[in-house]
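Here our numbering is used: the first residue of the sequence shown is 117, the next is one more, and so on.
Take a look at the structure below.
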Amino acid sequence: MEFDYIIVGAGSAGCLLANRLSANSQTNVCLIEAGPTDWSPFIHIPAGFIKTVTNKKLNWLYDTLPSWGTNGRSIPTPRGKVIGGSSSINGLIFNRGQKMDFDNWAQRGNNGWSYDDLLPHFKSLEKYVPCGTNNKSNDRSLRGNDGEMIVSDLGWRHPLCDAFIKAAVEMGMPINDDYNGENEEGVSYVQRTVSGMRRMSSAKAYLKSAKKRKNLHIITNAHVTNLQFENQRVVGVEYKKSRFDTKGVLVKTANEVILSAGAINSPQILQLAGIGPGDLLKSIGIEVRQELAGVGKNLRDHYATRLTGRVKNTKTINEMSKGPLLVKEIIKYALGRQSILSLGPTLVYCFWHSNELIRNNDLQISFTPASYALGRQAELDTFPGFSIACWGQRPESSGWVKVNSKNPFDKPLIQPNYLSATEDQKILIEGIKISRSLMHSKPLSKYFDHEIYPGKEIHSDEELLNVARDRSNTAYHLVGSCRMAPETDKTSVVDTKLRVRGFENLRVIDASIMPMIPSSNVNAAVLAIAEKAASEILKND
Numbered sequence: 117m118e119f120d121y122i123i124v125g126a127g128s129a130g131c132l133l134a135n136r137l138s139a140n141s142q143t144n145v146c147l148i149e150a151g152p153t154d155w156s157p158f159i160h161i162p163a164g165f166i167k168t169v170t171n172k173k174l175n176w177l178y179d180t181l182p183s184w185g186t187n188g189r190s191i192p193t194p195r196g197k198v199i200g201g202s203s204s205i206n207g208l209i210f211n212r213g214q215k216m217d218f219d220n221w222a223q224r225g226n227n228g229w230s231y232d233d234l235l236p237h238f239k240s241l242e243k244y245v246p247c248g249t250n251n252k253s254n255d256r257s258l259r260g261n262d263g264e265m266i267v268s269d270l271g272w273r274h275p276l277c278d279a280f281i282k283a284a285v286e287m288g289m290p291i292n293d294d295y296n297g298e299n300e301e302g303v304s305y306v307q308r309t310v311s312g313m314r315r316m317s318s319a320k321a322y323l324k325s326a327k328k329r330k331n332l333h334i335i336t337n338a339h340v341t342n343l344q345f346e347n348q349r350v351v352g353v354e355y356k357k358s359r360f361d362t363k364g365v366l367v368k369t370a371n372e373v374i375l376s377a378g379a380i381n382s383p384q385i386l387q388l389a390g391i392g393p394g395d396l397l398k399s400i401g402i403e404v405r406q407e408l409a410g411v412g413k414n415l416r417d418h419y420a421t422r423l424t425g426r427v428k429n430t431k432t433i434n435e436m437s438k439g440p441l442l443v444k445e446i447i448k449y450a451l452g453r454q455s456i457l458s459l460g461p462t463l464v465y466c467f468w469h470s471n472e473l474i475r476n477n478d479l480q481i482s483f484t485p486a487s488y489a490l491g492r493q494a495e496l497d498t499f500p501g502f503s504i505a506c507w508g509q510r511p512e513s514s515g516w517v518k519v520n521s522k523n524p525f526d527k528p529l530i531q532p533n534y535l536s537a538t539e540d541q542k543i544l545i546e547g548i549k550i551s552r553s554l555m556h557s558k559p560l561s562k563y564f565d566h567e568i569y570p571g572k573e574i575h576s577d578e579e580l581l582n583v584a585r586d587r588s589n590t591a592y593h594l595v596g597s598c599r600m601a602p603e604t605d606k607t608s609v610v611d612t613k614l615r616v617r618g619f620e621n622l623r624v625i626d627a628s629i630m631p632m633i634p635s636s637n638v639n640a641a642v643l644a645i646a647e648k649a650a651s652e653i654l655k656n657d
């Protein structure tokens, strides 16, 4: 069968695109996903992230290469391999970013991608459900009311979180009831992609209703192995159900192929098809179809340092996740009451700055009444603890993704080059200092027993930098590896219509097209990118 559109990757962008492009019953759309359907209950229960983040059936389970910035460590890098993609396994945070982030995209020559250009699409994709305690004076004109993606304020409260917020306010941070509104700066409980007590993934928001359409064909457990071309036009996508299959299946298109496979897999697919840095492709025996030096370059991520405090005088999620207390939480969840099963990994967000003289919102700090072994959100500590995490919002450090061989089933090489930029080191050191000040603040003193990590013996900037190198992990915000930029930019992969340079009908629509990483978690921006791109495709169809 021949399709008008083939979308590779059923993640945040892919599910939305499948919904929008199949809305016309005369248009045939094929959505190809490497993973299974979103059957697992751990996907739909918010607290299930602690299981899905290490589940090989739902996750690509990538690892970065060791580097100086990681003290020689290889960093586990989860990516969703399931219907819904990373929106099915992420921390559920909805955070658009700052106006300046997108205005910077436009200032770099990407006309049509300013904040004002994207705001209508941010609004159209969401239905914002404020908590009953939220400030009713907020300007709701900046938020969406009719979209499929339900975004809700966290209603769950904990004395540790309240004390942390009070500490942040005493430090000078304002309370901000809507960091997705006019101004990001401040502290608040988080906004989440949660409806009631369940995760609102992109699959649930956009694919659940659309998959009933006869003109939308969804293929799961299908690993894309190559793209088929006639001259500079893509005519089909080849996939295999297993690395042991001797022959692939070819899906043909009469119109377009859209890669929405994410910041790791989209550049990998392009490189395997002969689109990328010529020297790299030739070195592993791939014929160069189109020299595009930027494919796989400009990879960026937020690099999060998590500090741990031991808690007294109150229970934390660590204890509530075990034994009879966990049984109690399960019962509360089943009855629709507030429960730790309805929580993601982060409950409170601060958006702040590392330099009082500049005040440019270059820091993000988060808090949760739980702590994790080795600072990774995959295993809770055995003692009562809390975590304060910090990272630089707009890292200058950038890295790359490279195919490792001609075999499409071989994992690509991933090198984010964390902390390779001196400015990133300075910002993270200041972030750790601010986080420790919050940890040792008066409002938290009732509950704070002592500092577990990094420990009271650590003081100098050199020691704090080593803490960052030794303890930090990915914040799961990889972007930029198929960068949108003007044609004069040698790193440009796609134009402002997200078309791959040199091809008539091939686009990339996902986090990889971001020129720079936004000052935020990136799922919201990915959805807005897909919404904008879909409207552009439909307008010109």
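Backbone N, C-alpha and C define an ideal beta-carbon position, used for all residues, glycine too.
A quick note: this is a predicted structure, and the numbers were derived from the prediction, not measured.
| Does any C-beta atom of chain C lie closer than 7 Å to the C-beta of Asp278? | Any reference to chain C falls outside this structure, which holds one protein chain only.
| request: Kindly confirm or deny that the segment 140-153 and the segment 217-225 touch, where touching means at least three C-beta pairs closer than 8 Å. | output: Judged by Cβ distances under 8 Å, the segment 140-153 makes no contact with the segment 217-225, as fewer than three pairs qualify.
| field | beta strand (DSSP E) runs contained entirely in the segment 602-634, provided each spans 3 or more residues | value | Counting only runs of at least 3 residues, the segment 602-634 fully encloses the following beta strand (DSSP E) elements, listed from N- to C-terminal order: 622-624.
| request: Would you kindly work out how many angstroms separate the C-alpha atoms of Phe165 and Thr462, rounded to a whole number? | output: Working through the sequence shown from its first residue, we reach residue 165 at position 49. Working through the sequence shown from its first residue, we reach residue 462 at position 346. Phe165 and Thr462: Cα-Cα distance of roughly 11 Å.
| So, are the CB atoms of Gly425 and Arg405 less than 7 Å apart? | For the purposes of this step, residue 425 is taken as the residue at position 309 of the sequence shown. For the purposes of this step, residue 405 is taken as the residue at position 289 of the sequence shown. No.
| query | Are Glu118 and Ala338 close, meaning C-beta to C-beta below 7 Å? | reply | To locate residue 118, count along the sequence shown from 1; it is residue 2. To locate residue 338, count along the sequence shown from 1; it is residue 222. No.
| message | DSSP has Ala505 in a bridge; who is on the other side? | response | Residue mapping note: residue 505 aligns to position 389 of the sequence shown, counting from 1. Residue pairing from DSSP places Ala505 in a beta bridge opposite Arg422 and Ser482.
| task | Less than 8 Å between the CB atoms is what I'm expecting for Ala319 and Ala627, so what's the real figure, rounded? | result | Locating residue 319 in the sequence shown gives position 203, counting from the first residue. Locating residue 627 in the sequence shown gives position 511, counting from the first residue. Distance from Ala319 to Ala627 at the Cβ level is roughly 17 Å; contact not present, criterion being Cβ atoms closer than 8 Å.
| query | Which term fits Arg510, buried or exposed, when burial requires 16 or more other beta carbons within 10 angstroms of its beta carbon? | reply | Residue numbering aside, residue 510 sits at position 394 when the sequence shown is read from its first letter. Counting Cβ neighbours within 10 Å, Arg510 comes out buried, since at least 16 surround it.
| said: Considering only the alpha carbon of each residue, which of Glu435, Ala640, Pro631 and Arg212 lies closest to Gly410? | reply: By 1-based counting over the sequence shown, the position of residue 410 is 294. It is Pro631.
| message | Let me check one thing: in DSSP terms, what residues is Pro192 bridge-paired to? | response | The count along the sequence shown starts at 1 and reaches residue 192 at position 76. According to DSSP, Pro192 bridges with Asp179.
| field | Between the CA atoms of Cys277 and Thr432 - distance to the nearest angstrom | value | Taking the first residue of the sequence shown as 1, we reach residue 432 at position 316. Taking the first residue of the sequence shown as 1, we reach residue 277 at position 161. A direct Cα-to-Cα measurement between Thr432 and Cys277 gives close to 11 Å.
| said: Measuring straight from C-alpha to C-alpha, what distance separates Val373 and Ala134? | reply: For the purposes of this step, residue 373 is identified with residue 257 of the sequence shown, where counting begins at 1. For the purposes of this step, residue 134 is identified with residue 18 of the sequence shown, where counting begins at 1. Spanning the two alpha carbons is a distance of roughly 12 Å.
| In chain order, what residues of the same chain have a beta carbon less than 7 Å from the beta carbon of Tyr449, not counting five sequence neighbours either side? | If you number the sequence shown from 1, residue 449 lands on position 333. Excluding residues within five positions, the ones whose Cβ falls inside 7 Å are Met313, Ser455, Leu457 and Ser458.
| query | Could you check where the alpha helix (DSSP H) with Lys448 kicks off and where it finishes? | reply | Translated into positions along the sequence shown, residue 448 becomes position 332. For Lys448, the uninterrupted alpha helix (DSSP H) segment begins and ends at Gly439 to Ala450.
| So, Asn175 versus Lys197, is the Cβ gap smaller than 7 Å? | If you number the sequence shown from 1, residue 175 lands on position 59. If you number the sequence shown from 1, residue 197 lands on position 81. In contact: Asn175 and Lys197 (Cβ atoms closer than 7 Å).
| field | Short Cβ contact (7 Å threshold) for Val303 with Ile334 | value | Taking the first residue of the sequence shown as 1, we reach residue 303 at position 187. Taking the first residue of the sequence shown as 1, we reach residue 334 at position 218. In this structure, Val303 keeps its C-beta atom at 7 Å or more from the C-beta atom of Ile334.
| field | Limits of the unbroken alpha helix (DSSP H) element including Ile645 | value | As a position in the sequence shown, residue 645 is number 529, starting the count at 1. If you look at Ile645, you'll find it in the alpha helix (DSSP H) that goes Asn639 to Asn656.
| message | Is it the case that the segment 550-561 contacts the segment 392-402, given that we only count it when at least three CB pairs across the two stretches are under 8 Å? | response | The segment 392-402 vs the segment 550-561: no contact.
| Which same chain residues, not among the five before or five after Ile402, have their C-beta less than 8 Å away from its C-beta? | Here residue 402 refers to the residue found at position 286 of the sequence shown. For Ile402, where only same-chain residues beyond five positions count, the Cβ hits under 8 Å are Gln387, Leu388, Gly390, Val519 and Lys522.
| Gly260 versus Glu242: straight-line alpha-carbon distance, rounded | Sequence index remark: in the sequence shown, residue 260 carries index 144 (1-based). Sequence index remark: in the sequence shown, residue 242 carries index 126 (1-based). Near 5 Å, if we compare the C-alpha coordinates of Glu242 and Gly260.
| request: Evaluate the contact criterion for the segment 438-453 versus the segment 465-472: three or more CB pairs, one atom per stretch, below 8 Å. | output: No: fewer than three Cβ pairs fall under 8 Å.
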